[in-house]
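*Asks:*
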Amino acid sequence: MLVTMKKLLARAKNNNCAVGAFSVGNMEMIMGVIKAAEEMNTPVIIQIAEKRLMNSPLELMAPMMVSAAKNAKVDVAVHLDHGLTEECISKALEYGFTSVMLDSSLKPFDENIALTRRIVEKASLYGATVESELGVVGGNEGDTEEHIITCTDPKMAEVFCNETRIDALAVAIGNAHGNYPVSPELRLDVLEQIYSRIDIPLVLHGGTGITEEMFRKCISLGIRKINIATAGFDGLSAYSKKYCDRTDKPDYFTLSAEMVNGVYENTKKHIKIFNNKEN
Ligand SMILES: [Zn+2]
14 MLVTMKKLLA RAKNNNCAVG AFSVGNMEMI MGVIKAAEEM NTPVIIQIAE KRLMNSPLEL
74 MAPMMVSAAK NAKVDVAVHL DHGLTEECIS KALEYGFTSV MLDSSLKPFD ENIALTRRIV
134 EKASLYGATV ESELGVVGGN EGDTEEHIIT CTDPKMAEVF CNETRIDALA VAIGNAHGNY
194 PVSPELRLDV LEQIYSRIDI PLVLHGGTGI TEEMFRKCIS LGIRKINIAT AGFDGLSAYS
254 KKYCDRTDKP DYFTLSAEMV NGVYENTKKH IKIFNNKEN
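Residue numbers for the sequence shown follow the numbering used here, so the first one is 14 and each next one is one higher.
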């Protein structure tokens, strides 16, 4: 069933867990994520970043994502990750996305607030959820530019949330997009300060390669949404390669099933951790 991200974040808060937000780039990835979520009877977020639309056009992805959510046996929110332009965010809302992220974290603070307010207003017309980011998450989001990590300032975050009335805040606490060279030391002290000042659910980007123990610590400090992108793409590629390596004559239909499987296994692994149960 298609639901807002806000609903899933509230549920995560009540259950002291986090909801997984899995990036998708094609039909097989959508199928893999939904299959895992249904099997584990756990709500999930499927998302795509604006920069990835070069590979996977919104006009093709959006109807598939929304339809997959509507037909799923569990609650699914459809989210635009790292929306960079108002135009793209508007399109996603028109297509029925139930959540959007505005990434204007590199803009001056006042400009960021003004722009975010406009998006919050627009999203409210659709009943959609809004996520925003403060500070700089490392790595890159599909471009060649490497960003230097700047941790979210807890005081500024408090002002920002009050001024913009966003629904969820993505934090920068030493996390980075892509694969980490070594598992990162996240600044839990910074996260704790943010959590003590802010009521709304917090979001952790760059979830690929963070340890289970660290995920659980983050959940205990208010992280309610965790983004997994690279691990899903890598899972698809690894399963595809394994299949192609073991046969002389790969066929599309088996390959497609392997892609679904690679994403399914990755999603299942993460959902299990994010549910934050003892076993
Ligand atoms: Zn991100």
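Glycine is no exception: its CB is placed at the ideal position from the N, C-alpha and C atoms. Every value quoted in this text rests on a predicted model; they were computed, and no experiment measured them.
My guess is that D116 and H92 are in contact by the Cβ rule of under 8 Å, so how many angstroms apart are they, rounded?
*Replies:* At roughly 12 Å, the Cβ-Cβ gap does not stay under 8 Å, so D116 and H92 are not in contact.
*Asks:* Is H160 near ligand 1, with its Cβ less than 6 Å from a heavy atom?
*Replies:* no
*Asks:* Residues in the same chain with beta-carbon distance under 8 Å from N274, minus the five sequence neighbours each way, listed in chain order, please.
*Replies:* G45, Y252
*Asks:* Would the C-beta of H283 count as close to ligand 1, meaning under 6 Å from any of its heavy atoms?
*Replies:* no
*Asks:* For ligand 1, is there any heavy atom lying closer than 6 Å to the beta carbon of H218?
*Replies:* yes
*Asks:* So what does DSSP say about H283, is it helix, strand or coil?
*Replies:* helix
*Asks:* Going by DSSP in three states, M114 sits in which element: helix, strand or coil?
*Replies:* Three-state DSSP puts M114 in a strand.
*Asks:* Helix, strand or coil for L182, going by three-state DSSP, please let me know.
*Replies:* strand
*Asks:* To the nearest angstrom, report how far apart A170 and Y277 are at their CA atoms.
*Replies:* 35 Å
*Asks:* Does DSSP put V172 in a helix, in a strand, or in coil?
*Replies:* helix
*Asks:* Distance, Cα to Cα, A270 vs Q206?
*Replies:* Going from the Cα of A270 to the Cα of Q206 covers about 45 Å.
*Asks:* Assuming contact is defined by CB atoms lying nearer than 7 Å, are V172 and D88 in contact in what I supplied?
*Replies:* no
*Asks:* Would you tell me roughly how many angstroms separate the C-alpha atoms of G191 and V149, rounded to the nearest one?
*Replies:* Here the alpha carbon of G191 sits roughly 14 Å from the alpha carbon of V149.
*Asks:* Considering only their Cβ atoms, is the gap separating T177 from T111 smaller than 7 Å?
*Replies:* no
*Asks:* Where does the unbroken beta strand (DSSP E) through L15 begin, and where does it stop?
*Replies:* Note, L15: premise wrong, no beta strand (DSSP E); not H, not E.
*Asks:* Is it a yes or a no for the stretch 230-240 touching the stretch 261-270, going by three-plus beta-carbon pairs under 8 Å?
*Replies:* no
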